[in-house]
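S.K.: Line by line, the protein sequences give chains A and B. Quick note on my numbering: the first sequence kicks off at 13 and runs consecutively. Quick note on my numbering: the second sequence kicks off at 13 and runs consecutively. Note that beta-carbon positions come from the ideal geometry of N, C-alpha and C, so glycine has one too.
There are 2 protein chains.
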Amino acid sequence: MEIWTKISKDEADEITDVVKAAHCAFWCEPETKTIRNTPVKAILMMQLRSDGLLGFPGGVVDVGETVLECLKRELREEMALDNARFPVGEDNWVCAHLRQTEQLDGSFKNTQLSHFFSKKLDKEVFYEIEKRQLEAEHWGYEIFGLIRAPVLEITTGSVAQKYPGRGFGWFLTQSFIHCAREQMAEMIIYEGILTKDEIDRYFEMSQNPELREKLINSSCLTENKTRK
Amino acid sequence: MEIWTKISKDEADEITDVVKAAHCAFWCEPETKTIRNTPVKAILMMQLRSDGLLGFPGGVVDVGETVLECLKRELREEMALDNARFPVGEDNWVCAHLRQTEQLDGSFKNTQLSHFFSKKLDKEVFYEIEKRQLEAEHWGYEIFGLIRAPVLEITTGSVAQKYPGRGFGWFLTQSFIHCAREQMAEMIIYEGILTKDEIDRYFEMSQNPELREKLINSSCLTENKTRK
């Protein structure tokens, strides 16, 4: 069993002798609309990983690197990011999460400390950086997709009435690596994109049993289900 | 409640007076590896939609269009596909699925007939088509991400031992639109990428309660969980 807990910067600075990681959310306000004239509030640059899960760019700190050096390296490898033009530094820090893993004897051990950063971009810069990901060293090796996490909600129409959250609420039903979903929630609140109540509401929508039923309904295998 | 049932081409041809849709899986054998020297068996071109779900390019047939005309139009809008260079035709047809939706009186009504197509590409062509998606008319409007569905399995290491399916098994825990997951399974078998037994095994892995627990563990909100 694994537990991820948000901790303060001071607490994080005191924890040594644990694997560290650094990830970053680049985001923008695209000022665009999607279907049914729905405004797109924000988009966050995320990836599909070769393990099949969604996550943010970043990775594990190598021996001899600082957290920020790790982040720069990973952003270059995974996004072909020009770190000089688009620096991510201490002032971009959002939160830290500590993972504790249950051992065979029932005790818990610190096994990872994940730092999370966030950087708002002008939309044109976002689009430029987004495109470059296809040229990155790790495209097709570790990175199997580039996505815009959709902070939006399509509220009109019968489908949205029946299954609220069409957009960000439904997106929260996806599978994320480690604490990426929590890190995403933290930066969305930190950056003022949504309030805590609004995020909580989207999380609730993502837990709706009827929505879950609808989404997993086709996970049955290739046998014919009984036609009505 | 909705039920999706695979039906034959003949059955599909007899069904009129229902909304039709057409989608297509472009795929290739990239002959590359991912982490831990894991071979990538195949990659399928998929999208993240603005509703937060994963799916294949395609869409709903407009009045006056044939199924293939719809597909050509959608591929142009969503992928900027050069249909003349990369035609998708009858010989690319894989399967049809019928959706039946429960009405208020408890009866079931046919509400959608989804045709699915598949086209294998040389890897260099796949990469070329993949890139163009960022130039498509619907990029950023309806389409919020381009992904390579990862048909691969990372089997080495303790994480993969504890949670089998790292790669395609984990990918199957994601949320898909309508019957896209079933369509994906059908074309994977049809194209000989995996056998039915292999696909069934990946679906089983995606249902593993311990994997599900690990993946949803961080869906709790921003309150601190109790640190151990």
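Can you list, in chain order, the residues of its chain with a C-beta nearer than 6 Å to that of TRP16(A)? Leave out the 5 residues immediately preceding and following it.
M.R.: If we look at TRP16(A) and ignore the five residues flanking it on each side, its Cβ neighbours are HIS109, ARG111, CYS191.
S.K.: Might you give, ordered along the chain, the residues of its own chain that have their beta carbon closer than 6 Å to the beta carbon of PRO221(B), omitting 5 neighbours on each side?
M.R.: Once the five neighbours on either side are set aside, PRO221(B) has no close Cβ partner at all.
S.K.: Just list the residues that DSSP pairs GLN186(A) with in beta bridges.
M.R.: According to DSSP, GLN186(A) bridges with nothing at all.
S.K.: Would LYS32(A) and LEU125(A) qualify as a contact pair, given that the criterion is a beta-carbon distance under 9 Å?
M.R.: In contact: LYS32(A) and LEU125(A) (Cβ atoms closer than 9 Å).
S.K.: Just to confirm, are GLY101(B) and GLY181(A) a CB contact at a threshold of 9 Å?
M.R.: Their beta carbons are not under 9 Å apart, which means GLY101(B) does not touch GLY181(A) by this criterion.
S.K.: For PRO162(B), report the span of its beta strand (DSSP E) as first-last.
M.R.: Taken as a continuous stretch (DSSP letters only), the beta strand (DSSP E) holding PRO162(B) covers 155 to 163.
S.K.: Determine, for GLN124(B), whether the minimum Cβ-Cβ distance to residues of chain A falls below 9 Å.
M.R.: False, the Cβ-Cβ gap to chain A never drops below 9 Å.
S.K.: So that I know if they touch, is there some Cβ in chain B lying closer than 9 Å to that of VAL52(A)?
M.R.: By this cut-off, VAL52(A) is an interface position.
S.K.: Mind checking who PRO51(B) pairs with in its DSSP beta bridge?
M.R.: Paired residues: LYS45(B).
S.K.: How is ARG193(A) classed by DSSP in three states: helix, strand or coil?
M.R.: Of the three classes helix, strand and coil, the one that applies to ARG193(A) here is helix, per DSSP.
S.K.: Which ranges would you report for the beta strand (DSSP E) in the segment 73 to 126 of chain A if only whole runs of at least 3 residues count?
M.R.: Correct list: 105 to 114.
S.K.: May I ask you to list, following chain order, the residues of the segment 141 to 166 of chain B that have a beta carbon less than 7 Å from some beta carbon of chain A?
M.R.: Those would be LYS143, LEU146, GLY152, TYR153, GLU154, PHE156, GLY157, LEU158, ILE159, ARG160, PRO162, LEU164, ILE166, in chain order.
S.K.: Give every residue of the same chain whose Cβ lies closer than 6 Å to the Cβ of VAL30(B), excluding the five residues on either side of it in the sequence, and list them in chain order.
M.R.: Same-chain partners within the cutoff: ASN122, LEU125.
S.K.: Which of the three DSSP states, helix, strand or coil, is assigned to GLU203(A)?
M.R.: Coil at GLU203(A), not helix or strand.
S.K.: Which of the three DSSP states is assigned to ILE19(B) in this structure?
M.R.: Three-state DSSP puts ILE19(B) in a strand.
S.K.: Compute the distance between the beta-carbons of PHE68(B) and LEU56(B), then report whether it is under 9 Å.
M.R.: Yes, these two residues count as a Cβ contact at 9 Å.
S.K.: Less than 9 Å between the beta carbons of ILE159(A) and LEU93(A), yes or no?
M.R.: No; because the gap between Cβ atoms is not below 9 Å, this pair is not in contact.
S.K.: Give the residues of chain B in contact with THR46(A), contact being defined as C-beta atoms less than 7 Å apart.
M.R.: Result: SER62, TYR153, GLU154.
S.K.: Grouping DSSP H, G and I as helix and E and B as strand, with all else coil, what is ASP29(B)?
M.R.: Of the three classes helix, strand and coil, the one that applies to ASP29(B) here is coil, per DSSP.
S.K.: Is the shortest distance between the beta-carbon of SER187(B) and the beta-carbons of chain A less than 9 Å?
M.R.: Yes, because at least one Cβ of chain A sits closer than 9 Å to the Cβ of SER187(B).
S.K.: If we define contact as Cβ-Cβ less than 9 Å, is PHE129(B) a contact residue for chain A?
M.R.: Answer no: the Cβ-Cβ gap between PHE129(B) and chain A never drops below 9 Å.
S.K.: Less than 9 Å between the beta carbons of CYS36(A) and ASP134(A), yes or no?
M.R.: Against a cut-off of 9 Å, the Cβ pair of ASP134(A) and CYS36(A) comes out as no contact.
S.K.: For the alpha helix (DSSP H) holding ALA172(B), just list the boundary residues, first then last.
M.R.: Start and end: 170 to 174.
S.K.: Count the other CB atoms, across all protein chains shown, that sit within 10 Å of the CB of THR167(B); report buried if there are 16 or more and exposed otherwise.
M.R.: Per the 10 Å Cβ criterion, exposed.
S.K.: Thinking just about the alpha-carbon of each residue, which of GLN219(B), GLY204(B), ILE189(B) is nearest to the one in SER14(B)?
M.R.: Rather than Ser, the amino acid found at residue 14(B) in this sequence is Glu. Cα-wise, what sits closest to GLU14(B) is ILE189(B).
S.K.: Using a cut-off of 8 Å between C-beta atoms, extract the partners of GLU136(A) located in chain B.
M.R.: Result: empty, since nearest Cβ-Cβ is about 12 Å, beyond 8 Å.
S.K.: I need the straight-line Cα distance from PRO176(B) to GLY169(B), nearest angstrom please.
M.R.: Taking the straight line joining both Cα atoms gives about 10 Å.
S.K.: Determine whether the beta carbon atoms of MET91(B) and ILE141(B) lie at a separation below 9 Å.
M.R.: Contact: yes.
S.K.: In three-state DSSP terms, what is PHE68(B)?
M.R.: It is coil, neither helix nor strand.
S.K.: So ARG178(B) contacts chain C; which residues on that side make the cut at Cβ distance below 8 Å?
M.R.: Considering every chain present, this structure includes no chain C. Its protein chains are A and B.
S.K.: Quick check on PRO42(A) - is its C-beta less than 9 Å from some C-beta in chain B?
M.R.: Yes, PRO42(A) lies at the interface with chain B (some Cβ there is under 9 Å from its Cβ).
S.K.: Please classify GLU86(A): is it buried, with 16 or more other beta-carbons within 10 angstroms of its beta-carbon, or exposed?
M.R.: Buried, since its Cβ has 16 or more Cβ neighbours within 10 Å.
S.K.: Ignore the nearest five residues each way along the sequence and tell me which others in ILE228(B)'s own chain have a CB closer than 7 Å to its CB.
M.R.: Once the five neighbours on either side are set aside, ILE228(B) has no close Cβ partner at all.
S.K.: Is there a Cβ of chain A sitting closer than 9 Å to that of GLY181(B), yes or no?
M.R.: So, interface residue.
S.K.: With DSSP collapsed to three states, give me the class of LEU133(A).
M.R.: Here LEU133(A) sits in coil by DSSP.
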